[in-house]
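Chemist:
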Amino acid sequence: MSFSNDSHFSREFKVLFLCARVKLDGPNRIKLIKLLNTKINWDYLLKIATKHKVKALLFRNLSSLDENLVPEDVLDNLESYFHENLRINLMYFGHLLKIMELFDSKNIKSIPYKGPILALNTYGNLSLREFVDLDIFVHEKDLTIANDILVLNGYVTNFQLQGFEKRIYLRLHRDILFYDTDHNVNIEIQWNFIGKSFTYNTNFFESPKNTFFSPINNKQILTLEPEDMLMILCIHASGHIWQRLSWICDVAEFINTNEIDWNNIINKSKGMGFYRILQINVLLAIELLDLKIPIKSINLLSFDEYSYKLASNIIKNIYNNEKPKKGRLYRSNMRYKIRESRKHGIKDFFKILLSELI
C-alpha cells in the first residue's frame with residue numbers, strides 16, 4: 031500500500047522507522063540487519079531518534095541484534111538513556127498513583143491518559159515510551175477542589191484567577207499546569223481532552239461517557255474505550271502537525287494492542303468532524319511503521335487522493351528534520367487542509383492565528 035517514495039529517506043531514517051515499534055518481526059529484522067551492514071552515520075541517527083522521542087525503542091531493537099552490528103559506544107549511549115528514561119517514568123508513575131489516591135479520597139472522578147498509562151497499556155513496558163508530563167482529565171466542576179488538593183500536597187501552580195477572569199480562562203483554555211519543583215515533575219489537569227484550537231460537532235471531549243476501569247499496579251484506573259482513546263491520539267498528533275515520529279508510533283501501537291471497532295470510530299470521527307484526521311494518522315502509521323490492519327477496515331476507511339497527498343507531504347516534512355516548518359501561517363494552513371469541513375477548517379485557521387498572537 032506504499033504511496034510515498036522512500037528513496038529520498040536516508041539510511042538513518044530507514045533504521046529509525048524500523049526500530050520505532052515494540053515488536054520487530056522477521057522480515058523487518060532482516061531489512062534492519064541489511065541496513066546496519068551499510069555505512070550508518072550513528073551520530074545523526076542518535077540525533078534524530080532524540081528529536082523524535084523514540085530513543086528508548088531504538089535501544090530495545092538494536093540491542094536485540096548481534097552486537098557487532100552496532101558500535102559499542104552507541105549502544106552504551108542508548109542504554110544509559112534507556113535506564114534514565116525508566117527512572118524518570120517510574121517517578122512520574124509514582125506521582126500519578128499518589129494523585130489518583132488523593133482525588134479518590136475526595137470522590138473526584140479523574141481519567142489519566144497518555145504518559146505512563148499509555149506506556150503500560152499500549153507499549154507493555156514503562157520504559158519504552160518517552161513523556162515529560164502527566165495528563166489527567168477531571169470534570170470542570172471538580173477543578174477547584176482538585177486545585178486545592180494538589181496545592182495542599184506540595185504541588186505548585188501559577189493559576190490564581192478568580193471570578194470573571196477565571197471564567198474567561200476556563201472558556202479559552204483546557205488545562206491548568208502544576209509542578210513538583212523538587213523532582214521536576216509536570217502535571218496538566220485538563221477539563222477537555224483536546225486543545226481549544228479545534229472545532230468539533232460534539233461536546234464528548236468535555237464530558238466522556240464511555241469509560242471503564244482498567245487494573246494497573248493493583249489499582250483500578252478509569253480508562254476511555256479504545257475508539258475514543260484512539261481518536262484522541264490522532265487529534266493530538268494532528269495538533270502538532272505530526273512533527274514527531276513518537277506520536278505516529280502511539281497511534282500504530284495502540285491499534286496493534288487493541289481491538290478497534292472501525293465502524294464505531296469511523297462513524298464517531300465523521301460525526302465530530304475528524305474523519306480526515308483519522309485517515310491521515312492511519313496512512314502515516316501504515317506507510318512509516320508497517321501498521322497492519324484488515325483489508326476490510328482499509329476499505330471502510332475509504333482513503334481518498336487528497337488524504338494520500340496530505341500524508342505524503344507530512345512524511346516529507348518529517349524527513350526535512352533539520353528545518354521543520356513551525357511558522358504560524360504554516361500551522362494554520364495545515365490545520366485548514368486536514369479538516370474535511372470547510373467551516374471547521376476556517377474556524378481552526380483563525381483560532382491558531384489568534385492564539386499565536388495573544
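First residue of the sequence shown: 31, per the numbering used here; consecutive thereafter.
Quick reminder that beta carbons are idealized off the backbone N, C-alpha and C, glycines included.
#1: Going by beta carbon distance, what residues of the same chain come within less than 7 Å of Tyr-153, once the five residues before and after it are set aside?
#2: Quick check: what's the CA-CA separation for Phe-243 versus Leu-180?
#3: Under the three-state reduction of DSSP, which class applies to Asp-378: helix, strand or coil?
#4: Hey, Leu-46 and Ile-70 are a contact pair by Cβ (cut 8 Å); roughly how many whole angstroms apart?
#5: Which residue's Cα is closest to the Cα of Ile-325: Leu-318, Val-312, Tyr-336 and Ser-337?
#6: Since I believe Lys-226 is in contact with Leu-207 (beta carbons under 8 Å), could you give me their beta-carbon distance rounded to a whole number of angstroms?
#7: Taking the beta strand (DSSP E) that Lys-249 belongs to, which residues open and close that run?
#8: Met-364: which of Phe-39, Thr-232 and Ala-341 sits nearest, CA to CA?
#9: Alpha carbon to alpha carbon, what distance is there between Leu-65 and Val-104?
#10: Given Phe-379, which residues of its chain have a CB within under 8 Å of its CB, disregarding the five upstream and five downstream residues?
#11: Could you tell me whether the region 80 to 93 touches the region 107 to 124, where touching means 3 or more Cβ pairs closer than 8 Å?
#12: Give the C-beta separation of Leu-275 and Ile-348 to the nearest angstrom, bearing in mind that I take them to be a contact with Cβ-Cβ under 8 Å.
#13: Specify, as a first and last residue, the run of the alpha helix (DSSP H) that Asp-103 falls within.
#14: Measure the CB-CB distance between Asp-205 and Gln-220 and report whether it falls below 7 Å.
#15: So is Glu-42 buried or exposed if we call it buried at 16+ other beta carbons inside 10 Å?
#16: Do the region 285 to 305 and the region 244 to 264 meet, that is, are 3 or more Cβ pairs less than 8 Å apart?
#17: Nearest-angstrom Cα distance between His-213 and Ile-147?
#18: Identify, in the order they occur along the chain, each residue of the same chain with its Cβ nearer than 7 Å to the Cβ of Asn-247, setting aside the five sequence neighbours on each side.
#19: Could you say which of Trp-292, Val-215 and Leu-200 lies nearest to Asp-165 if we only look at CA atoms?
#20: What first and last residue would you give for the beta strand (DSSP E) that runs through Pro-142?
#21: Assign Pro-142 to one of two classes, buried (16 or more other C-beta atoms within 10 Å of its C-beta) or exposed (fewer than that).
#22: Our contact map puts Ser-371 next to Gly-303 with C-beta atoms below 8 Å; I'd like the distance itself, whole angstroms only.
#23: Leu-62 and Asn-107 look like a contact to me (Cβ under 8 Å); what is the Cβ gap, rounded to whole Å?
#24: So, are the CB atoms of Asp-210 and Tyr-185 less than 7 Å apart?
#25: Can the beta-carbon of Ala-86 be found less than 7 Å from the beta-carbon of Ile-138?
#26: By a C-beta neighbour count over all protein chains shown, 10 Å radius and 16 as the cutoff for buried, is Glu-317 buried or exposed?
#27: Would you check if the distance between the CB atom of Thr-232 and the CB atom of Lys-377 is smaller than 7 Å?
#28: By alpha-carbon positions, which one of Leu-314, Glu-218 and Ser-135 ends up nearest to Thr-187?
#29: How far does the beta strand (DSSP E) with Leu-164 in it extend, from its first residue to its last?
Modeler: Taking the geometry as given:
#1: Correct list, in chain order: Val-52, Arg-159 and Glu-283.
#2: 23 Å
#3: helix
#4: No, Leu-46 and Ile-70 are not in contact; Cβ-Cβ is about 11 Å, not under 8 Å.
#5: Val-312
#6: The pair is not a contact, with the Cβ atoms about 15 Å apart (cut-off 8 Å).
#7: 249 to 254
#8: Ala-341
#9: 16 Å
#10: Ser-362, Asn-363, Arg-365 and Tyr-366
#11: yes
#12: 7 Å
#13: 102 to 135
#14: yes
#15: Glu-42 should be labelled buried.
#16: yes
#17: 20 Å
#18: Leu-127
#19: Val-215
#20: 140 to 143 is the extent of the beta strand (DSSP E) around Pro-142.
#21: buried
#22: 5 Å
#23: The Cβ separation is near 18 Å, so there is no contact.
#24: yes
#25: no
#26: buried
#27: no
#28: Glu-218
#29: 164 to 168
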